[in-house]
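One structure below.
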Amino acid sequence: APDDTVSLDALGLAITLTAGPTREPLDPVRYLTNHSSGKMGYALAAAAARRGARVRLISGPVNLPTPAGVERIDVESTNEMYEAARQSAIDSDIFIGCAAVADYRAERFSEHKIKKTSGDEALELRLVKNPDIVAAIAVAEPRPFVVGFAAETRDVESYARDKLVRKNLDMIVANDVSQAGLGFGADENAALLLWRDTTSESGRLELPPQSKATLADAIITTVMERFHAKQR
Ligand code: CTP
Ligand code: CA
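In UniProt numbering, the protein residues as written are 198 to 429.
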């Protein structure tokens, strides 16, 4: 939509988002991460700011400019993202967890570079589970309206609905990451939005493949509708 018709349905609301990958250090020169580009989270932050929200974007390492009017907090590890997100969620109306958070980190960080040891053809790395950021925010009290994402390669709707309930979310944005040219790193994406049905409404909306910018706008429209419906 041209800028003069932008809806101000988020005017005055505080929205926190997470975006990008997290990075788990192994030693001073190495880390574990994933292919998230951050594009979807940055597009959502830009869309929310255009609608009048005060937006805080907690970002893993990405190669993207900060959207206009957005406050950006850079983090690397999941634990850093967890601390920043929990702090920011305290005074937020809406929390959107779009980051591709590393599920595991190295059990211990090696102060010195891990060396090859002669004779060893294999190296064992023990990983431990990271905290679940979006789930922790969704069980805090008081809590913002909480939106999660679900990246799935099969049974998209049933896995996503399971995450919606298990993590106590208000809404979930499911992506089929097995579709070529969509999602991770791409400029286009499609999504299935699911929410918990307290009214007679269906609790489900399919958004067809489109640019991440227009998809972000459509996602924020539904987030704002569900948020305002919950306040009534
Ligand atoms: N998430 C999070 N903290 C984690 C892992 C995931 O906040 N440690 C959030 C993501 O930002 C996303 C949602 O949880 O909003 C779902 O992420 P996803 O990776 O699809 O789900 P997981 O619960 O990690 O399950 P799995 O990877 O096994 O499918
Ligand atoms: Ca995961």
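The beta-carbon is built from N, C-alpha and C at its ideal position, and this holds for glycine as well.
Just so you know, these numbers come straight off a predicted model, no measurement behind them.
- [ ] Within the same chain, show all residues whose beta-carbon is closer than 7 Å to that of residue 434, passing over the 5 residues directly before and after it, in chain order.
- [x] Summary: the structure shown does not reach residue 434, with the chain confined to residues 198 through 429, and so no result is reported for it.
- [ ] With a threshold of 7 Å, establish whether the CB of residue 300 neighbours any heavy atom of ligand 2.
- [x] yes
TODO: Confirm the yes/no value for this check: CB of residue 213, any heavy atom of ligand 1, distance under 7 Å.
DONE: no
- [ ] Check whether the stretch 219-230 touches the stretch 383-396, counting contact only when three or more Cβ pairs, one atom from each stretch, lie closer than 8 Å.
- [x] No: fewer than three Cβ pairs fall under 8 Å.
Open item on the list: Can you look up residue 393 in the DSSP assignment and give me helix, strand or coil?
Closed with: Note: residue 393 maps to coil in three-state DSSP.
- [ ] Evaluate residue 397 with the Cβ neighbour count: other Cβ atoms within 10 Å of its Cβ, from every protein chain shown; 16 or more gives buried, anything less gives exposed.
- [x] Bear in mind that the predicted position of residue 397 carries a pLDDT of just 45, short of 50, making it unreliable; the figure below should be weighed with that in mind. Per the 10 Å Cβ criterion, exposed.
Open item on the list: The alpha helix (DSSP H) that contains residue 203, what's its start and end?
Closed with: Note, residue 203: premise wrong, no alpha helix (DSSP H); not H, not E.
TODO: State yes or no: is the C-beta of residue 345 nearer than 7 Å to some heavy atom of ligand 1?
DONE: yes
Open item on the list: Could you tell me the alpha carbon to alpha carbon distance between residue 294 and residue 413, rounded to whole angstroms?
Closed with: So the two alpha carbons sit approximately 13 Å from each other.
Open item on the list: Suppose the cutoff is 7 Å on Cβ atoms and the five residues either side in sequence are ignored; what does the same chain contact list for residue 343 look like?
Closed with: 292, 331, 334, 335, 366 and 367
Task: Short Cβ contact (8 Å threshold) for residue 216 with residue 254 - done: In terms of Cβ geometry, residue 216 and residue 254 form a close pair [threshold 8 Å].
Open item on the list: Does residue 372 pass the burial test, meaning 16 or more other C-beta atoms within 10 Å, or should it be called exposed?
Closed with: buried
Task: Outcome for residue 212 when other beta-carbon atoms lying within 10 angstroms are tallied against a minimum of 16 - done: buried
Open item on the list: Pop quiz: residue 269 and residue 275 are said to be a contact at Cβ under 8 Å. What is the actual Cβ separation, rounded to whole angstroms?
Closed with: Contact flag wrong, Cβ pair sits at about 18 Å.
- [ ] Tell me where the alpha helix (DSSP H) around residue 247 begins and ends.
- [x] 236-247
- [ ] Reducing DSSP to helix, strand and coil, say where residue 342 ends up.
- [x] strand
Task: Coil, strand or helix - residue 326 by DSSP - done: strand
Open item on the list: I need the DSSP call for residue 365, collapsed to helix, strand or coil.
Closed with: coil
Task: Beta carbon of residue 426 nearer than 8 Å to that of residue 341 - done: no
Task: Pairwise C-alpha distance: residue 417 and residue 411 - done: Rounded to the nearest angstrom, the gap between the Cα atoms of residue 411 and residue 417 is 10 Å.
- [ ] Measure the CB-CB distance between residue 360 and residue 329 and report whether it falls below 8 Å.
- [x] no
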